[in-house]
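Mapped onto the numbering used here, the consecutive letters of the sequence shown carry residue numbers 2 to 838.
Worksheet: one structure, shown below.
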Amino acid sequence: MNSLLKQAAYPFNIRRNVQDLITHTDDLVARRHDIARQIEAADRDGGMIPTHEARQWLDRVESARLSADTIRGRYEQRCRMFGGCSLNLWSNYRISKRAAERLAIVRSYEVVPSPITIDPPALAAVNIPIESVQIHSQESILEEALRCITEGPSAIIGICGPGGVGKTHLLKRINNNFVGDSTFRLVIFVTATRGCSVQTIQTQIMERINLNRDGDSVTRANRIVRFLKAKSFLLLVDDLWGGELEMGSVGIPYPLKNEGQLKQKVVITTRSPTICELMNVTTHVKVEVLEDDEARELFMEYNGHKGLYSDPHIGDLAKELVKELKGVASQLIHFGKEMRGRKDPKRWEDAIFVVKTSDTTHLQDEDQLSLKGTIVRNLKVATENMLARSNEVRQKIEIAERNGKTPTNGVISWLRRVDSITSSAEIICGQHQLNLDVSQSAAEKLHEVQECLDNQPSDIVVDVLQTPTEYIPIQSFELRSQNIVLQDALRYIADDSVEMIGIRGAAGVGKTHILKKINNSFHEHSDFQFVIFVTASRNIREQIARRLGINQDDRDAKLVTRISKFLEKRSFLLLVDDLREILDPKEAGIPFPLRNSSEIRQKVVFTTRSEHICGQMAVSKKIKVTCLEQDEAIYLFRQNVDMGILHSSPRIEELANTLAKELSGLPLALITTARAMSSRHHPTGWEDAIREMHDLFRHKDNPLNMEKGVYQPIKFSYDSLRNDTLKQCFLTCSMWPVDQNIRKDELVQCWMGLGLVDEPNIRSSYNEAYKLICDLEAACLLESGPNNDVKMQNVIRDTALWISHGKWVVHTGRWNHRQQTGIYSITFIGTRLCVSL
2 MNSLLKQAAY PFNIRRNVQD LITHTDDLVA RRHDIARQIE AADRDGGMIP THEARQWLDR
62 VESARLSADT IRGRYEQRCR MFGGCSLNLW SNYRISKRAA ERLAIVRSYE VVPSPITIDP
122 PALAAVNIPI ESVQIHSQES ILEEALRCIT EGPSAIIGIC GPGGVGKTHL LKRINNNFVG
182 DSTFRLVIFV TATRGCSVQT IQTQIMERIN LNRDGDSVTR ANRIVRFLKA KSFLLLVDDL
242 WGGELEMGSV GIPYPLKNEG QLKQKVVITT RSPTICELMN VTTHVKVEVL EDDEARELFM
302 EYNGHKGLYS DPHIGDLAKE LVKELKGVAS QLIHFGKEMR GRKDPKRWED AIFVVKTSDT
362 THLQDEDQLS LKGTIVRNLK VATENMLARS NEVRQKIEIA ERNGKTPTNG VISWLRRVDS
422 ITSSAEIICG QHQLNLDVSQ SAAEKLHEVQ ECLDNQPSDI VVDVLQTPTE YIPIQSFELR
482 SQNIVLQDAL RYIADDSVEM IGIRGAAGVG KTHILKKINN SFHEHSDFQF VIFVTASRNI
542 REQIARRLGI NQDDRDAKLV TRISKFLEKR SFLLLVDDLR EILDPKEAGI PFPLRNSSEI
602 RQKVVFTTRS EHICGQMAVS KKIKVTCLEQ DEAIYLFRQN VDMGILHSSP RIEELANTLA
662 KELSGLPLAL ITTARAMSSR HHPTGWEDAI REMHDLFRHK DNPLNMEKGV YQPIKFSYDS
722 LRNDTLKQCF LTCSMWPVDQ NIRKDELVQC WMGLGLVDEP NIRSSYNEAY KLICDLEAAC
782 LLESGPNNDV KMQNVIRDTA LWISHGKWVV HTGRWNHRQQ TGIYSITFIG TRLCVSL
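Here you go:
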């Protein structure tokens, strides 16, 4: 009767049964998450694993969650369809009954099994494959080491000996001895080679004991300590280099415990007794090189030739090879195998030579290489050394030739021999890559390389060579017409039939700017060994010598000869700016006639204002630089004027275009005038400037065409400077020689000496002077130079001298004081005064 009533109640208790199932399942899932986190933490911190019961419980709870989600989904679907009032009693009955049954199962899972984690099964030792090598003297060493580990009180044991004597092999045998043995719960083998970090050793340990490797070195060390501190373990550290192993940093419990059944031991191998001391080793096991008899026996065993040492052809050579291997076990095994079946005495001689010329302390690290590979490797290294030394000699010759010296016949012969040997060595190394047997030829070539190295020239001194092209900073603006000129010039330079190119045009049209752009075109990539930029107004010989790094102490004739000899067999591009008189190339040291072939390219490009000079210099190609067209002139003007002023009024924009047209397309005039107009804020000022320029260019009877074309616009910029002090400062800049960089501190001191800058103290005077320099640079009357210098363009300097005519005199060379009177200021540069006393 109760059973029937219970069955009948299912459809009417559907809501309560489903809700109870959802509530209990959610609680159980939350508990599952907590247990899973505990298991994860135990795994991460101590390497523990979940019990079988815990894994089953986790799986059952997950299955219960999935069933509950299914029942919940069906119930919620019916609620959405019928508003919770479904008349389908059979469907309600099935859902309610299923919920009640699953609720009973869920309640049975509320008891969590205990414990949830356990230690993993004992790992003991993992077998390490090693070659079966019978070295009788090492058997007693192995027995001694095992006795110290299992019976002795020492916690840290050190196995010390030279490289290659078998320490690693011995340590692996110790590891394998504990496979299946219960003395230690864990036997951990790690390698601590040169440069090995704490993190690297930690990773090896954690991989061995299956610990989570996340986190920094401190977190990982804590995790290792927690796992090992209560366990018996044997840590085997192979090939410890460079310093002590800080066990605390790695995570090794320290001090190590050895009491009762708990055994914690560390065994290290090292080449250094000092490391044993740093590691507080209490028991030392020393591994020595083999005695002669045992060394011969080991070599013969791996060579496979029982009567090796009595062989009339190779017996003595075999004994010599064993002697050179100095009892190093790994070497004896390696070369014993390598020389197996070798009957040719030459092969044995090659092997002896390789051992003698190699660092025997490192050869054991390369057992995987064959003798052939060892010889070829040594050949490569020796050839590279030889090439490096030959390059030093070639650089010395390069420097010496600039100073009029020539290499000796012995040096030339030595360099030719280097080239020949290098080519042969490259062929041998290439054949080795194809797996051809080149042992004999490689060994013979190695002998040659060694002999060549021994006979290399001594006392090599290398100076820094000049770069092919020195980049020249220039103002950045792109003009179509100037780019056409630039491309024409570059095309002619690339043409082998063209030797000398003349670029002519009026002052201020941009010739210097184009020549500097030609220079900079070869900065990244150049077909010329040297690109030389000089200014014709200065001593061309000295500029060329300085650019090439040639000593300038000699007299002019010797300097010309040295420049000529240095350049005659080299490719060069000489760029001469502002040529105003005919230049004899030979007097400047330029080899003439110029040579242009597939091997040597020699070119000269110059700029000049004179058509006559182009004709007299017999140029191959002439390029004319003309004034800018109106559209380009307007563009350049607008690029240099203050944009805020330009756009402040439609009227000023219109006047700006008109003023640009009045300047006859001269770039220098356009730039300087545009900068000067940056202080004119009212259209009236622009109208005055247009009127003044129109009047200047309208008069055709002015005898100075240059004054009409360039001087007056620059003077207009001068007149627009904000005060008389700034104007006087500008004029003083003309007292420095043409094309010479002006040091800012010298300029400041000059202004202070003339009273143009007169502030209360030195600091204030310097600050005010530097502001004036900035004002002149902003007006384009000075331009920035290298090393915090400034420079005045030739045409602007000519204008400054023209403005100050009769007041300022700048004179170079010989000057007679009777030639001029009524002068306000005089600058003498390299001048001899002729004064009657």
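Glycine residues also receive a C-beta, built at the ideal position from the N, C-alpha and C atoms.
For residue i and residue j, what's the separation of their Cα atoms in angstroms?
| i | j | result |
| --- | --- | --- |
| Y94 | L229 | 58 angstroms |
| D217 | T118 | 25 angstroms |
| S138 | K258 | 32 angstroms |
| L755 | I672 | 30 angstroms |
| E208 | R395 | 55 angstroms |
| D520 | L574 | Residue 520 is actually Asn in this sequence, not Asp. So the two alpha carbons sit approximately 9 angstroms from each other. |
| N788 | I743 | 10 angstroms |
| S421 | N410 | 17 angstroms |
| S650 | C781 | 25 angstroms |
| I624 | N540 | 25 angstroms |
| K98 | Y76 | 12 angstroms |
| T562 | C751 | 40 angstroms |
| M640 | L560 | For the sequence presented, residue 640 should be read as Gln rather than Met. Each residue's Cα considered, the two are about 46 angstroms apart. |
| T536 | Q741 | 10 angstroms |
| T26 | A69 | 7 angstroms |
| V412 | N392 | 12 angstroms |
| L143 | D182 | 17 angstroms |
| L326 | F567 | 54 angstroms |
What residue from the options has the CA that sits closest to residue i's CA?
| i | options | result |
| --- | --- | --- |
| L629 | E302, D643, K662 | K662 |
| E145 | T284, Q200, I96 | T284 |
| S477 | I502, K446, D497, K517 | K517 |
| R66 | H34, Q39, L491 | H34 |
| G162 | L560, T270, I519 | T270 |
| K344 | S92, G308, I376 | G308 |
| S482 | F300, L669, G511, R492 | G511 |
| I494 | D528, R73, I72 | D528 |
| M501 | V577, S650, V758 | V577 |
| R403 | N410, I564, L447, D799 | I564 |
| I225 | L237, I206, D239 | I206 |
| M678 | G666, I715, A619, V535 | I715 |
| T57 | R692, A37, K327 | Looking at the sequence shown, residue 57 is not Thr but Gln. Here the closest residue by C-alpha is A37. |
| W91 | I653, T24, P12 | P12 |
| L802 | M753, I763, Y719, K772 | Y719 |
Leaving out five residues on either side along the sequence, give the residues of the same chain with a beta carbon under 7 angstroms from the beta carbon of residue i.
| i | result |
| --- | --- |
| H170 | I131, V134 |
| F179 | A125, A126, F185, V188, L235 |
| E321 | I353 |
| H524 | T470, Y472 |
| A330 | I136, G165, V166, G167, L291, L299 |
Looking only at its own chain, which residues have a Cβ that is under 8 angstroms from the Cβ of residue i, when we skip the five neighbours before and after it?
| i | result |
| --- | --- |
| R61 | Y110 |
| Q39 | I117, T118 |
| A156 | P256, L257, N259, Q265, K266, V267, T283 |
| I473 | K517, N520, N521, F534 |
| V419 | M387, L388, S391, C453 |
| S598 | D497 |
| D790 | N742, I743, R744, K745 |
What's the call for residue i, buried or exposed, on a 16-neighbour Cβ count within 10 Å?
| i | result |
| --- | --- |
| T407 | exposed |
| N18 | buried |
| W242 | exposed |
| A779 | exposed |
| I129 | exposed |
| L435 | Note that L435 scores 42 on pLDDT, short of 50, meaning its location in the model is unreliable; the coordinates nonetheless yield the value given after this. Flag for L435 reads exposed. |
| D351 | buried |
| K397 | buried |
| Q603 | buried |
| C149 | buried |
Under 6 angstroms Cβ to Cβ from residue i, same chain only, skipping five residues before and after it: list those, please.
| i | result |
| --- | --- |
| R16 | none |
| T1 | Because the chain in this structure spans residues 2 to 838, residue 1 falls outside the shown range and cannot be described. |
For residue i, write down the residues that DSSP places opposite it in a beta bridge.
| i | result |
| --- | --- |
| D578 | T536 |
| I502 | V606, K622 |
| E260 | L263 |
| P51 | T118 |
| S522 | BP columns for S522 are empty, so no partner. |
| I160 | T270, V286 |
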